[in-house]
Amino acid sequence: MRLILLGCPGAGKGTQAKLITAHFHIPAISTGDIFRTAIQQGSELGRQVKAIVESGHLVPDDLVIKLVAERISQADCEQGFLLDGFPRTTAQAEALQTLSPIDYVIDIDVPEDEIVKRLSGRRVHPASGRTYHLIYQPPRHPEQDDITGEALIQRPDDSEATIRKRLSVYHEQTHPLRHYYQQLQKQKDAPRYLHIDGTGSVDVITQTIMSHLHH
Ligand code: AP5
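Taking the numbering used here, the leading residue of the sequence shown gets 997, the next gets one more, and so forth.
Here you go:
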């Protein structure tokens, strides 16, 4: 099962990625998580992308494409993988076409006013990437990870001004991929495009997605 999760910032891609990949026993590959880990570790990659990621702009295509190409060629991706946050531009989508066949493109759709609420209330456990929401998915103890008890943080790009920037970047560069994949449907062996309403509860959205995925 080779899957892509499309959808604007805060649509619930990371939340759904964990649930879907647990079911299929495939790795969830989040380019955003890869960049945040590199930034935390202060690696060469982290230094290259820190200012870009924290201001809500996109990392250059060539760098992201190389990184994903390497990642999906690893042994744990042989039975499939889920890409969360890639592709994000037409150039990335075209490059992916040459790298691997894809079974489904899952486009999670959430209106913009709901997105701002979701992202401004989000808290994350940096070491694991586990995600919470102050109101919708609160941790058992305030500001603490349920599993380790470690402190939760707010992502630097979850300030209201940067959320707005990320949404405008999404509309300019990523939203056109909806049309790209819809058009591709006409070709034989193209990935199946699924448009999913992302406004229900987390469980209902997972069930809706799973009901469309067939081996
Ligand atoms: P990335 O990490 O991919 O961020 P994003 O696309 O902005 O997505 P988010 O992680 O913010 O949201 P999500 O959809 O995963 O939502 P979540 O499940 O957490 O990328 C970060 C940055 O890295 C980019 O800005 C860019 O700089 C760089 N980058 C990454 N990939 C790149 C690429 N391919 N090319 C170039 N640059 C790249 O949910 C959000 C909140 O809502 C949570 O609090 C959650 O608990 C809550 N929630 C989830 N589902 C529901 C629900 N159904 N009801 C109520 N609340 C919900």
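Just so it is clear, CB atoms sit at the ideal spot from N, CA and C, and this is done for glycine as well.
Taking the alpha carbon of I1035 as the reference point, which residue from A1123, P1083, I1205 and V1101 has its own alpha carbon closest?
For the purposes of this step, residue 1035 is identified with residue 39 of the sequence shown, where counting begins at 1. When each option's Cα is compared against that of I1035, the closest is A1123.
Can the beta-carbon of I1025 be found closer than 9 Å to that of D1080?
By one-based count along the sequence shown, residue 1025 stands at place 29. By one-based count along the sequence shown, residue 1080 stands at place 84. A contact, by the Cβ cut-off of 9 Å.
At the 9 Å Cβ level, is E1090 part of the contact set with chain C, yes or no?
The structure shown contains no chain C; it holds only a single protein chain.
Does A1007 pass the burial test, meaning 16 or more other C-beta atoms within 10 Å, or should it be called exposed?
For the purposes of this step, residue 1007 is identified with residue 11 of the sequence shown, where counting begins at 1. With 16 or more Cβ atoms within 10 Å of its Cβ, A1007 is classed as buried.
Quick check for students: name the residue ranges of the alpha helix (DSSP H) that lie wholly in the region 1128–1179, counting only runs of 4 or more.
Those alpha helix (DSSP H) runs which fall completely within the region 1128–1179 and span 4+ residues are 1156–1165.
Tell me whether A1007 sits in a helix, a strand or coil according to DSSP, three-state version.
In the sequence shown, counting from the first residue as 1, residue 1007 sits at position 11. Looking at A1007 - three-state DSSP - the assignment turns out to be coil, as it is neither helix nor strand.
Figure out for me which residue from M997, Q1150, V1045 and C1004 has the closest Cα to the Cα of E1110.
As a first step, residue 1110 must be located in the sequence shown, where it is residue number 114. Checked all of M997, Q1150, V1045 and C1004; the closest Cα to E1110 is C1004.
Please determine, among H1208, S1207 and V1198, the residue with the shortest C-alpha to C-alpha distance to K1014.
Reading the sequence shown from its first residue, position 18 is the one you call residue 1014. Taking only the C-alpha atoms, the option nearest K1014 is V1198.
Give the secondary structure of A1089 by DSSP, where H, G and I count as helix, E and B as strand, and everything else as coil.
The residue you call residue 1089 lines up with position 93 of the sequence shown. In this structure, A1089 counts as helix in the three-state DSSP scheme.
Which stretch, first to last residue, makes up the alpha helix (DSSP H) that contains A1034?
Here residue 1034 is taken as the residue at index 38 of the sequence shown, counted from 1. Looking at the DSSP string, the run of the alpha helix (DSSP H) that includes A1034 is T1027 to Q1037.
Give the range of the alpha helix (DSSP H) segment to which L1063 is assigned.
Walking along the sequence shown from the start, residue 1063 turns up at place 67. Element bounds for L1063: D1057 to I1068.
Evaluate H1121 with the Cβ neighbour count: other Cβ atoms within 10 Å of its Cβ, from every protein chain shown; 16 or more gives buried, anything less gives exposed.
As a working note, residue 1121 is residue 125 in the sequence shown. Buried is the call here.
At a cut-off of 8 Å, is R1119 close to the ligand AP5 when judged by its beta-carbon and the heavy atoms of the ligand?
To locate residue 1119, count along the sequence shown from 1; it is residue 123. R1119: yes, Cβ under 8 Å from the ligand AP5.
When you compare only the Cα positions, how much space is there between K1113 and E1156?
Along the sequence shown, read from residue 1 onward, the residue named residue 1113 stands at position 117. Along the sequence shown, read from residue 1 onward, the residue named residue 1156 stands at position 160. Between K1113 and E1156, the C-alpha separation is close to 10 Å.
Any heavy atom of the ligand AP5 closer than 8 Å to the beta-carbon of Y1189?
Against the sequence shown, residue 1189 aligns to sequence position 193. Not so, every heavy atom of the ligand AP5 lies at least 8 Å from the Cβ.
Mind checking whether D1099 and R1188 have CB atoms under 9 Å apart?
Reading the sequence shown from its first residue, position 103 is the one you call residue 1099. Reading the sequence shown from its first residue, position 192 is the one you call residue 1188. Yes, the Cβ-Cβ distance between D1099 and R1188 is below 9 Å.
Please find out if some non-hydrogen atom of the ligand AP5 comes closer than 8 Å to the beta-carbon of I1048.
Here the question's residue 1048 lines up with position 52 in the sequence shown. Yes, since a heavy atom of the ligand AP5 falls inside the 8 Å radius drawn around the Cβ of I1048.
Please classify K1184 as buried or exposed, where buried requires at least 16 other C-beta atoms within 10 Å of its C-beta.
Position 188 of the sequence shown holds residue 1184. Flag for K1184 reads exposed.
Under the three-state reduction of DSSP, which class applies to R1188: helix, strand or coil?
Residue 1188 sits at position 192 when you count from the first residue of the sequence shown. Residue state, collapsed to three classes: strand.
Measuring only from the beta carbon, is Y974 closer than 8 Å to any heavy atom that is part of the ligand AP5?
With the chain covering 997 to 1211 only, the question about residue 974 has no answer from this structure.
For F1077, which residues does DSSP report across the bridge?
Counting from 1 along the sequence shown, the entry for residue 1077 is found at position 81. R998.
Need the endpoints of the alpha helix (DSSP H) that I1111 sits in, please.
As a working note, residue 1111 is residue 115 in the sequence shown. It spans E1108 to S1116 - the alpha helix (DSSP H) in which I1111 sits, taken as one unbroken run.
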